[in-house]
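Heads up, the thing below is written out as C-alpha cells.
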Amino acid sequence: MSSRDIVDLSSDDDPGEVEVKAVKLERDFVKLEPGLIGISIQQKECHTTDRGRCNKSNSYGGRKESEDNRSSSLSGTSVLDQEQSPIDDASLPSTSSMGSAPLCRQFWKAGNYENGFTPKSTLKNGTSYLHIHPKFLHSNATSHKWAFGAIAELLDNAVDEIQNGATFVIVDKMPTPRNGSQALLIQDDGGGMDPEAMRRCLSFGFSNKKSKSAIGQYGNGFKTSSMRLGADVIVFSRHKKRILTQSVGLLSYTFLTQTGHNRIVVPMVNYELNTSTGKWDTPHWYSKESLASNLSILLQWSPFSTEEELLKQFDDIGSHGTKVLIYNLWLNDVGTTELDFETDPEDIRIAGGAGGTEKAGSRMAVSGQHIANRLRYSLRAYLSVLYLRLPESFCILLRGRVLEYHNIANDLKFPEFILYRPQSSGSAEGSVVTTIGFLKEAPNVNIHGFNVYHKNRLILPFWPVVSYSDSRGRGVVGVLEANFVEPTHNKQDFEKTSVFQKLEGRLKEMTWEYWDYHCGLIGYQVKRKAKVSQVSSDCGPQHGKYLKRKEYDYLEEREKVKRKASIEPNTNDTGVDLVVQPGIATGNQSNDQEALNLIQENKKLLEQCLEYEKREVELKTKVMQLRTELGEAQGEYTRLLAESQQLENVKQEK
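For the sequence shown, position 649 matches number 649 in UniProt numbering, and the numbering has no gaps at all.
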C-alpha cells in the first residue's frame, strides 16, 4: 500500500522505503464489552473496584516485543509526503469474532492504559522525527472540558461552509447498524471534501480557512471535538470540482489501542464517479488492492459490516456535503452516555445536568429556567445563542426540528450602548459597542454577566465579571463582539493577554456604573449618585476610551410623563419603557396619545413578524424534507442507471 492508502498522522519520514514489520496478533478473543463497536486482540480484563471506575489495562504492557514490531502495521509516509512506501499487507489485523475492549468507556479515564512503549523517535538524514502516540488523541481532546463545547466546534465547520453554499446542518442521534447503540450525527450540505482535503481534515495542524470571517483557524478542532465526544468517528464526504468524488475516513481510538499501534494511522477509501457508466470506480492513483485492504479495516472497526451498508451513507448527502458519525460515545460516572437523547425527543442534553428541585414560581426556579442556566445542559438552548447572526438561508436542524435563534440583547430592558476602544502601546486595537441593560426578569433572577462573542461565535456566555454581596450588579447583562482578543483553542475562553485584562476591567466598570445609575428602576434603593468619570484611573488613555453615559434619570422623567400626561408609562414587547429623552418636549395629551398609538401599531407589527417567522420555520422544515427526498431519489437514480448499464452490457454480449 502507499501513503495514499492509509494516512499516518504522526510520521514525517522522508520519502523512500520504510520497513514495517508485522504486528503479532494473538488469536484468542474474549467477549466484546457491551455497547462498544470494534474487534480486539487478547487482553486482560479491565477490573473495576467501584461502579464506573476503570483501572489501567495491562493488555499491552506484558509483552516483550521490540518497538519495531509495535510500529504501525498500516502506516506509510506522512500525509505531508506523497511518495510511495511498501507496506507488508500481512501485518493488517485479520477479521475475527467480536472481542473485549481494553478501552475504559469514561472519557476522563480512557487515557489510563499502559502498553509499555513510549513515542518512537527515528533519525533519517540527520533529522529526528517523533511519532505521535495514539494516547495523544485522548490527551489532545481533554482541552474540551464540556461536551457541548465539542459539539459547537463541529458546528463551526458547518457554519464556515456557508461560503461554499451550505444551507443547513443536522444534529441528531443515529442507531448504529452493527449493535444498535446510539451515535451522534452531524451532517451539512457544504462543499464537501475531496480525498486530499479529507486527509488534511484527519491530520494535525492543517487549516485551509483563510477567510477573516472563518471561525476555525488552527486545524485541530475536528480531532479534539470528535475524540471528546466518543472513542471513534467515521467521516463521509462527497465533493464535486472537475469530477465527483466520495471519501470515507476512520479515526478510531478503539482500533489504535486494541491493535497495539504506537503511532496514529487512519484508514481511508476513495471513489470517483465514472460519468460514462454511472458507477463509482477506484481513482486511477488508488489501486484496487489498497481499496480492499483499507475497506477490510473499515468494515471491522466501523459500525458498518458490509461495503453496501458503508456506501449507503452517501444516499442522503446528495452531490456535495459531509456526514460525521461519532460512535462508542463516552459514558459518565453512573454508566450512561454523557449525551442524553431520551429526556427530550427534540433536544440533546447533558445527562444529569438539569436541576428542577426548586419550588415553582420561586426566584430559584425562575433563575433555573432562564437560558443562562439552561444552556449548560440543553443543547437547543446553547445553540440558540451560539451565533450572533446567521444568514436566513441557513438553518440548524436539531433532532428533526429547526432551531430558533435567540438574541440575548432583546431580553434587556433599559438598554444602553457603550463604545469601547481598547488601546495597546499607544495604538488602537479595535472598537466594540457593548449593549448593556437589566434582564426582563430582574430583580427576580440571580443572573448577571456579559456574553462575549468572537467572529460571530459565542465564547463566554454570561461571564460574571463582578462578584457582589449586596446585590450591586445583580441582573445586569451585556452583549458584545470582541474580535480584538483571541480565543483559546477550545473556544470556551480567551487568551489572558493584556488587552483581554483591560477589557475585563472595563466591563466591571460598566456593570457598576450601570447598576449605580439605574438600580432604582427595578426596585432597589439608590445608595448614592453615580459619578461618571471622565477617564478612570485604571482605564486611562493608554488603556482605552469609551462613550460617556449621558446624565439621565429614568425615574425623574417617568414622573414627568405621568404628571403631564396622567398616564402610566408603557412597556413594549422588548421590555424597554417609553421614556421621553432629555431635551425633547413632552408635548400635550395629543402627543402622548400619538405615542400610545405608535406602541399599539408596533405590537401589531411584532405579532405579524412572529407569524412570518413561524411560517419561515415551517417552510425550512419542508425544504429539509424535500432535500432528503431528493437525495434518496438521486441515490435510486444512480442505482437504476447502473442496473440499466449492466442490462445493456448483457444484451450486447448476447
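Built from N, CA and C at the ideal position, the CB exists for glycine as well.
Can you tell me whether residue i is helix, strand or coil according to DSSP?
i           : result
E613        : helix
H138        : helix
residue 670 : Residue 670 falls outside the range modelled here, since the chain spans only 1 to 654, and no answer is possible.
E486        : coil
I37         : coil
H518        : helix
A183        : strand
residue 690 : A query on residue 690 cannot be resolved here, the shown segment of the chain reaching from 1 to 654 and no further.
T245        : strand
S237        : strand
S427        : strand
P195        : helix
F394        : coil
F117        : Legend: pLDDT at F117 = 49, less than 50; position of this residue unreliable, no value from coordinates given.
T322        : strand
F341        : coil
F314        : helix
Q645        : helix
Y420        : strand
Y271        : strand
Y327        : strand
Roughly how many angstroms separate the alpha carbons of residue i and residue j, rounded to a whole number?
i    : j    : result
S467 : V476 : 12 Å
K240 : N602 : 48 Å
L647 : E618 : 43 Å
V235 : V248 : 6 Å
I297 : L605 : 59 Å
L641 : E632 : 14 Å
V499 : H489 : 18 Å
S319 : V269 : 18 Å
E161 : D470 : 47 Å
A197 : P267 : 15 Å
P461 : L375 : 9 Å
R639 : I599 : 60 Å
C395 : T306 : 33 Å
I371 : N407 : 11 Å
M624 : D493 : 34 Å
W301 : L185 : 18 Å
P175 : L155 : 21 Å
L256 : S427 : 50 Å
If we call anything under 8 Å between Cβ atoms a contact, is residue i one with residue j?
i           : j    : result
G449        : E416 : no
P303        : I37  : yes
R242        : I317 : no
R401        : Y377 : no
G165        : G190 : yes
residue 657 : T435 : As shown, the chain starts at 1 and ends at 654. That puts residue 657 outside it, with no answer to give.
L403        : L383 : yes
L339        : L325 : no
L229        : I151 : yes
L507        : V465 : yes
L291        : L244 : no
N483        : G520 : no
K223        : N294 : no
A409        : I522 : no
E153        : S225 : yes
I believe residue i touches residue j by the beta-carbon criterion, under 8 Å. Please report the beta-carbon distance rounded to the nearest angstrom.
i    : j    : result
R105 : L331 : 4 Å
L137 : Y327 : Rounded, the Cβ-Cβ distance is 15 Å, inconsistent with contact.
M193 : T322 : 6 Å
D172 : G635 : Going by Cβ atoms, the distance from D172 to G635 rounds to 19 Å, so no, they are not a contact pair.
L299 : L311 : Not quite, the Cβ-Cβ distance comes to about 11 Å (not below 8 Å), so this is no contact.
V432 : N451 : Contact flag wrong, Cβ pair sits at about 13 Å.
Is residue i buried or exposed, if buried means 16 or more other CB atoms sit within 10 Å of its CB?
i    : result
V650 : exposed
C609 : exposed
D281 : exposed
P582 : Bear in mind that a pLDDT of 34 at P582, under 50, signals an unreliable position, so the number given afterwards is only what the model happens to contain. Result: exposed.
Q313 : buried
H284 : exposed
Y286 : buried
A147 : buried
P345 : exposed
Q258 : buried
N373 : buried
N597 : exposed
G335 : exposed
Within 7 Å: the Cβ of residue i and any heavy atom of the ligand HEM?
i    : result
A381 : No copy of the ligand HEM occurs in the structure displayed, which carries no ligand at all.
Measure from the C-beta of residue i to each C-beta in chain D and report whether the shortest distance is under 8 Å.
i    : result
Q608 : The structure shown contains no chain D; it holds only a single protein chain.
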